[in-house]
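Here is the structure we will look at.
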Amino acid sequence: MEKKYTPKEMEPKWQGYWENKKLFTAKEDPKKRKYYCLEMFPYPSGRIHMGHVRNYVIGDVIARYKMMQGFSVIHPMGWDAFGMPAENAAIEKGIHPAKWTYENIANMKAQIKKLGLSYDWNREVATCDEDYYKWNQWLFLKMYEKGIAYKKRSFVNWCPSCETVLANEQVEDGSCWRCSSIVGQKELEQWFFKITDYAEELLSCTEKLPGWPENVLAMQRNWIGRSTGAEIDFKIAGTNEKITVFTTRQDTLFGATFMSIAPEHPLVKKLIKGKKTEKEVMAFVERIMHEDKIMRTAEGMEKEGIFTGAYAINPMTKKEMPIWVANFVLMEYGTGAVMAVPCHDTRDFAFAKKYNLPIQLVIQNPVGTLTLDNMKDAYVDEGYLINSGEFNNLKTAEAKERIADYLEKEGMGKRSINYRLRDWGISRQRYWGTPIPIIYCDKCGTVTVPEKDLPVKLPKDVAFTGKGASPLLDAKGFVDVKCPKCNGSAKRETDTMDTFVDSSWYFLRYTSAKDDTRPFDPEKVKYWMPVDQYIGGIEHAVMHLLYSRFFTKVIRDLGLIKIDEPFTNLLTQGMVCKETLRCPEHGWLFPEDVKDNRCATCGKEVERGRVEKMSKSKKNVVDPDKLIDNYGADTVRLFSLFAAPPEKYLEWSDQGVDGAWRFLSRVWVLVQKNSDIIKDVKGKIEISELDSAERGLYRKTHLTIKKVTEDIERDFHFNTAIAAMMELVNEISGGSEGKVVQAEVLKAALETLIILLSPFAPHISEELWSVLGNKGSVMDIPWPKYNEGAIKTEDVLIVIQINGKLRGKITLSAGAAEDEVKKGALEDERIKELIAGKAIRKVIVVKDKLVNIVV
RNA sequence: GCGAGAGUGGCGGAACUGGCAGACGCGCUAGACUUAGGAUCUAGUGGGCAACCGUGGGGGUUCAACUCCCCCCUCUCGCACCA
């Protein structure tokens, strides 16, 4: 009697086996090619969800596949452990963030381990460990020395609920990316990283990342937002002052009829000083500045402005241009001042119409039909210049160059490049993060903490009230400190670092996670980096990936590493989604609250909603832990990989999970049933001695090797790879019925199946490998290569088409000559009938594939 | 508006450089076994009685188009008063 398939027993057994044998310990082996497989490390929220499972299972198949191919693989895991939820837990439940975080890590680690993933846990890092964040501080000091870390007073995005600063990247549709509160503005003294120094390289290197998905590169380019144009100086009438504007359309300079400046622009106060308009303008400026910036810059917002009473001079036309303060002009972009060309800019056009400002046509369309009277909106496309003096008749592109030349020659302006990217504000008014290693001394000013004093440790004893600013402000033993320079009394910086700092270099730390003398060992980094395959969610397309690229370049410029880019290949896995269920009265429902398509509470008919991203609030989540308990890790893994290719959305289906279970059970039974026959078979296979059934199965075996290997290589299309293995199983179980197949052929088929399956469903594969009498791990077996000779067939099926439509099939020997194929097709009975009485115009033969008869 | 991606059976998805559309799985139908269980096994399953018709719609290139070109529609994601 065969043993039953009981994943619950065998999975922990094999996990223990792998651990004891240290199968996944990464070693720097100079004789082997290395492979760095990395999944984005999780925030330790307490429990894993299906998104994590999908992410890690994809990574695990890749890592195991590469191991079997003989690569020296590093496959680490860790914890992005600083962050707000820990602090919120402290406020709400009175649990210390450290306790909460480390307990969550322990829980999640246990959950992750049940999946049977091939991690080298010796390299585990938690960013909240002192020996990790020490190196955040060390890197900060290096960046401070280089002028990359600096402090400035600025308006920052402020989340009133989190009571902290947010980077632009962390504001989504005007709301906090974590808590969704409306983000406001606040002027604060803040620490920044000069990521803008790297804007050009971050942008140009996107061309050198062919292993990244196009949409992620597009999002990064979009975010960096390079635009080329010119800075132009405008004299202010009756003063020695000037206003500098940035424009991408210097070709329209002759059409600039007024000036729009941001309410925050420092010149505003000077311009209106002593003028009649002063009070009125200041009232307007005050009002706009108090308006929410998000509202102010929202689409369709009414354009508003007020005349300052001052004029600038157009350097080309010498005409006076009234200077207006306008709500839509942003101080953060360009110079905070815009030369308004109403005729050729949509916003300026609307503004000019509203306030009755002059409009001047300077770009004519290629067909020459534009007149001021027939224009209902600005003409923003290219054309040729008119009303532009010596530049008339030049086309837009050339005019831009010629006018830029002219401005530079006359000293009125210069070519300029502007970026949308802003410097990265890293100060957070929070406790649970890396303390910024800076001390403020009354005598010496801003002083860095000496390297020997690192890490600046987070004090344990602080009160979490949830009110006011950072808890660190009240931690006396932390704040009060001696100045490292003069030994006088001084105060520590109480801001902590944005947690994106932690995750910007963790992939380097993994290479030498235990090194306590430096952030990483350059020799180890040299061996392992860059990451060959990075896998994670699309939600990190801009922030995390951009910051990591930035850090890599900074660390390179510090002379510590040699690479330019951290991640050679990036796979952004799709979200895990599920159907939603909704009762008209009781809202979202769990599947178990539905009986016969009706709400279990009120009996109303349930609406089957859209398939949406799994979320607790919509009650369409599935718990990985329960699934593993029911089906085992291998079934969960297999379904996650089979339901969709990794980059696409995965729609969760409970029946689909059953299907995965059924497949594994069939494999189990198949091997058990045949184990006695093939266990001790040692013979070699001679293709020429096989009968047709054996030949067929042997061929299918090798076709499966080919297909599975190619599907993995072709962007990790695991779904089709699994389909191929299912075909092989169908062939073995169906094909062998009634026909006795030589034991050697059957053995080759089953062993190949187990080896190919092992990266996908490793536990059952190990178990079955041993059932067949093999010693050791199936992971030690080299990934099989297919045999060209086994795949070749003597006979091929040739498709016969008439006028491109399928009309018949014939079997011929492979490699048949064109004439032979033609003859065979034309002699086919059905074909004869169909072409009877018609003239054959042409016959096309594709070797070993098809014949197309054109009549 | 700009950028990226997608649209194929009842469903998830296959079809790699143009060459048998619908692999594989789910679901469904019929049957078998059974201590009548949401288990397992076998067969069938795009539409149409049929000739034939079928990959969002319309044109084109080609002996041949899901695949290449042009136009349009729909959906998803990202960005958006960026000068």
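Heads up: the first sequence begins at 513 in the working numbering, then just goes up one per residue. Think of the CB as a built atom: it goes at the ideal place given N, C-alpha and C, for glycine as much as any other residue. In this text the structure is predicted, and so the values were computed from the model without any measurement.
- Here E1330 is exposed. Its C-beta has fewer than 16 other C-beta atoms within 10 Å.
- The Cβ atoms of W1017 and F1063 sit closer than 8 Å to each other.
- An exposed status is given to S692, since fewer than 16 other beta-carbon atoms sit within 10 Å of its beta-carbon.
- Note on geometry: alpha-carbon atoms of T740 and G659 lie some 26 Å from one another.
- Each of Q732, E902 and F1228 was checked against the Cα of Q1085, and the nearest Cα belongs to F1228.
- Taking a C-beta distance under 8 Å as the contact criterion, A575 and V585 qualify as a contact pair.
- Nearest in C-alpha terms to I1050, of all of V1311, Y1298 and M1087, is M1087.
- Across the structure, V1283 and I1266 are spaced so that their CA atoms are roughly 11 Å apart.
- Its chain contains Q702 and F704 as the residues whose beta carbon lies nearer than 7 Å to that of K664, once the 5 sequence neighbours on both sides are disregarded; these appear in chain order.
- Annotation: the segment 1107-1181 contains the following complete segments of the beta strand (DSSP E) (minimum length 3 residues), in chain order: 1119-1125.
- Checking the DSSP bridge columns, you'll see L550 partnered with Y1046.
- CA-CA distance, D643 to Q941, rounds to 22 Å.
- Secondary-structure assignment with DSSP links I1322 through a beta bridge to I1310.
- Between the beta-carbon of L1093 and that of P1034 there is about 55 Å, and that puts the pair past the 8 Å contact cut.
- Residue state for T1216 is assigned as helix, using DSSP reduced to three classes.
- Using a Cβ-Cβ distance cut-off of 8 Å, the segment 997-1011 and the segment 1021-1035 are not in contact, since fewer than three pairs of beta carbons, one from each stretch, lie closer than that value.
- Collapsing the DSSP output to three states places D992 in a strand.
- F1228 sits in coil when the DSSP states are folded into three classes, being neither helix nor strand.
- Annotation for Y644: the continuous alpha helix (DSSP H) segment containing it runs E642 to E657.
- Per DSSP, reduced to three states, the secondary structure at F583 is coil, with no helix or strand assignment.
- Straight-line spacing of the CA atoms in L1202 and F1175 works out to 29 Å.
- Counting only runs of 3 or more residues that sit fully inside the segment 840-878, the beta strand (DSSP E) segments are 849-852, in chain order.
- With the rule of 3 Cβ pairs closer than 8 Å, the segment 778-787 counts as touching the segment 820-830.
- The continuous stretches of alpha helix (DSSP H) do not include Q762, and DSSP gives it neither H nor E.
- DSSP places S1245 in the helix class (H, G or I) of the three-state scheme.
- In this model, L765 and N826 are separated by some 8 Å (Cα to Cα).
- With contacts defined by Cβ atoms closer than 8 Å, P967 and F990 do not form a contacting pair.
- When the five nearest sequence neighbours on each side are left out, the beta carbons in the same chain lying within less than 8 Å of the beta carbon of S1177 are those of Y517, in order along the chain.
- DSSP lists L1362 as the bridge partner or partners of V1358.
- Below 8 Å, too few C-beta pairs join the segment 1152-1159 and the segment 577-594 to call them touching: fewer than three.
- Sixteen is the threshold: when 16 or more other Cβ atoms of the shown chains lie within 10 Å of the Cβ of C1089, as they do, the residue is buried.
- For V573, the secondary structure class from DSSP, reduced to helix, strand or coil, is helix.
- DSSP places D1014 in the uninterrupted alpha helix (DSSP H) bounded by T1011 to D1014.
- K1212 sits buried, since 16 or more C-beta atoms from the chains shown fall within 10 Å of its C-beta.
- Per DSSP, reduced to three states, the secondary structure at R942 is coil, with no helix or strand assignment.
- If you draw a straight line from the Cα of E1332 to the Cα of K1321, it comes to about 14 Å.
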